[in-house]
Amino acid sequence: MRVVEAFRDSYGMEPAGVWHAPGRVNLIGEHTDYNDGFVLPFALPWGVSAAVSPREDGVLRLRSLQAGEPVTLATPGEAEGWARYVAGVFWALRQGGQRVGGADVVIDGDVPRGAGLSSSAALEVVVGTALNELYGLGLTKMEIALAAQRAENDFVGMPCGIMDQAASALGEEGKALFMDCRSLGTRNIPFDLASHGLQLLIINTGVRHELADGQYARRREDCENAAERLGVDALRDVTDLAGALAKLSGDERRRTQHVVTENHRVEAVIGLLRAGAVREIGSLLNASHLSLRDQFEVSCAELDVAVESAVRGGARGARMTGGGFGGSAIALVADDRVESVRESVTGAYAERGWAAPEIYPATPAAGARRLL
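In this note's numbering, the protein residues as written are 1 to 372.
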C-alpha cells in the first residue's frame, strides 16, 4: 500500500494503522444542511487514506502525497494550507476536552481534484477516525463528524454544514444517507441503481471559480437574516412559504424559496426511492438545479451546460451538486443512454472551447473505516 511505504520512508517505522474516509456526492438537498434541513448524500468509492502513529510529545508531523513538502508543527495553530484541515481536527478534539497527543501522519487521496466531492471533509474525518481509535476516545461516528465540522468551521474558517463530514463518516455501501440536520437523526435509504438499469454519472467540470468561499458565507448569512426576519430558528421551520415570501425581498426572498422547496424535494425523492420508483426522481433533480441556479444563485456556466446537455442527451434528470461555483453535476441516466449523454456533454463543452469534463459513474460506498 502506497501510504504505508511513504510512512516507512518518512518516519523509518511502521504506522500504528491505516484508515480511510470517502468523499461524498449529494443526491439532493443542497444548502439545506446549515438551515437545519434535510439532505440525501452518499459516500463515494474515492477518498483519503491516512497512515498514522501516535506521539507522546504532542508534535504533529504531517505529509501528504499530493501536497509537496512535509510539515512539522509544535501546535495546531502553526498550520497553513492543507495542513490546517488535519491540525484543525487535533484542535477541535482538544477543545472538546479529549486527551489527544501528537501524531505522525501520511495522507494519500484519490478524490478527483476540483470536483467538489468533499476531499476536505474526507481528510478531516479520516484523521478523526484514526485519533478516536489510537487514543481510545470512544466517540461515535456522528461525534467524529461533528468534531471534523468544528475543525472546518472554527479552525479553517469555512462555515459549512454537517452534511459532508456525516456522509463521509456514516455512509454505507449501496445506500444513501438521509439526515435531519437539526436532530442529527439519520436513516440509510437503499439506492441500488443497477437493478433498475440506471447509473448516476458525475460530470466533473474541473472548474472552481474564485470567491467561492466568500460567496458561500454570504449565502449562509442571507439565510440567517431571512430566518431572523421571519421569526423562526431556521428556514427549515417555514411552513407557509407564500406568507414567508410576502414578507421578504431580494436575496433573502430567493434563498428562502430555494431552501424550503429543496427540503420538500428531499422528502419526495425519499418517498420515490422507498416505493421503488427510482426512475421518477429525475424531474426532482432538474427542479433542484433550476432552484440552485435561479434562487440560490450558486451555479455557473460550466455547470449549467453540463446539466442542460446531459438532459438533452437523454438523462432522466441532472443537477449541480455541492456548494456550487464550479465542481460537479450529477445525471441520472439509463444504461442504454450513457454514451449518448457522454457525447452530448463533451460535445457541448467542445463547442465552447472548454476542456472536456471528466465523467464517471458513482455508486454508494462504505464510510470511514480502518484498513490496516
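We treat Cβ as the ideally placed atom computed from N, Cα and C, and that holds for glycine.
Local Cβ density within 10 Å of residue i, reported as buried at 16 or more and exposed below that
i: residue 20; result: buried
i: residue 352; result: exposed
i: residue 27; result: buried
i: residue 141; result: buried
i: residue 5; result: exposed
i: residue 13; result: exposed
i: residue 66; result: exposed
i: residue 331; result: buried
i: residue 273; result: buried
i: residue 417; result: The displayed coordinates of the chain run from 1 to 372. Any statement about residue 417 would go beyond what the structure contains.
i: residue 119; result: buried
i: residue 108; result: buried
i: residue 57; result: exposed
i: residue 205; result: buried
Beta-bridge partners of residue i, as assigned by DSSP
i: residue 54; result: 103
i: residue 176; result: 189
i: residue 153; result: DSSP, once it has assigned bridges, lists no residue as partnering residue 153.
i: residue 286; result: Its beta-bridge partners do not exist; DSSP assigns none.
i: residue 373; result: Here the chain comprises residues numbered 1 to 372, so residue 373 is not present and cannot be evaluated.
i: residue 202; result: 330, 360
i: residue 376; result: Residue numbering for the chain in the displayed model covers 1 to 372; residue 376 lies beyond these limits and cannot be assessed.
i: residue 377; result: Nothing in the structure corresponds to residue 377, since the chain is present only between 1 and 372.
Whole-Å CB distance - residue i paired with residue j, under 8 Å assumed
i: residue 219; j: residue 325; result: At roughly 10 Å, the Cβ-Cβ gap does not stay under 8 Å, so residue 219 and residue 325 are not in contact.
i: residue 328; j: residue 202; result: 5 Å
i: residue 40; j: residue 22; result: Actually they are not in contact, since the Cβ atoms of residue 40 and residue 22 sit about 16 Å apart, beyond 8 Å.
i: residue 371; j: residue 18; result: 5 Å
i: residue 291; j: residue 262; result: 6 Å
i: residue 217; j: residue 252; result: Actually they are not in contact, since the Cβ atoms of residue 217 and residue 252 sit about 15 Å apart, beyond 8 Å.
i: residue 47; j: residue 166; result: So it is not a contact: roughly 14 Å between Cβ atoms.
i: residue 373; j: residue 49; result: With the chain running from 1 to 372 in the structure shown, residue 373 is simply not present.
i: residue 103; j: residue 54; result: 6 Å
i: residue 197; j: residue 335; result: 5 Å
i: residue 345; j: residue 313; result: 7 Å
Same chain, Cβ closer than 7 Å to residue i, five either side skipped, listed in chain order
i: residue 180; result: 38
i: residue 33; result: 39, 161, 162, 163, 181
i: residue 236; result: 35, 36, 37, 182, 263
i: residue 365; result: 22, 43, 44, 45, 171, 173
i: residue 248; result: 226, 229, 256
i: residue 245; result: 253, 256, 257
i: residue 15; result: 4, 7, 51, 52, 53
i: residue 408; result: With the chain covering only 1 through 372, there is no way to say anything about residue 408.
Close beta carbons around residue i, own chain, < 8 Å, minus the five adjacent residues each side
i: residue 211; result: With a pLDDT of 46 at residue 211, under the threshold of 50, the modelled position of that residue is not reliable, and the figure given next carries that caveat. Result list for residue 211: 325, in chain order.
Proximal residues to residue i (C-beta, below 6 Å), its chain only, five neighbours per side dropped
i: residue 84; result: 156
i: residue 76; result: 87, 90, 91
i: residue 151; result: 88, 89, 92, 124
i: residue 149; result: 162, 165
i: residue 323; result: 216
i: residue 147; result: 92, 93, 128
i: residue 169; result: 125, 141, 144, 145, 367, 368
Test: residue i CB closer than 9 Å to a CB of chain C
i: residue 370; result: Absent here is chain C; the protein component of the structure consists of one chain.
Discussion item. At 4 residues or longer, what runs of the alpha helix (DSSP H) sit wholly inside the stretch 231-257?
Written reply: 241-246
Practice prompt. Within the stretch 292-364, note down every full alpha helix (DSSP H) run reaching 4 residues or more, in order along the chain.
Written response: 301-312, 338-351
Item to complete: Any chance you could list the beta strand (DSSP E) runs of at least 3 consecutive residues sitting entirely within the stretch 1-78, in chain order?
Response: 17-28, 38-55, 60-64, 71-73
Worksheet item: Which runs of the beta strand (DSSP E), 3 residues or longer, sit entirely within the stretch 91-144?
Response: 102-109
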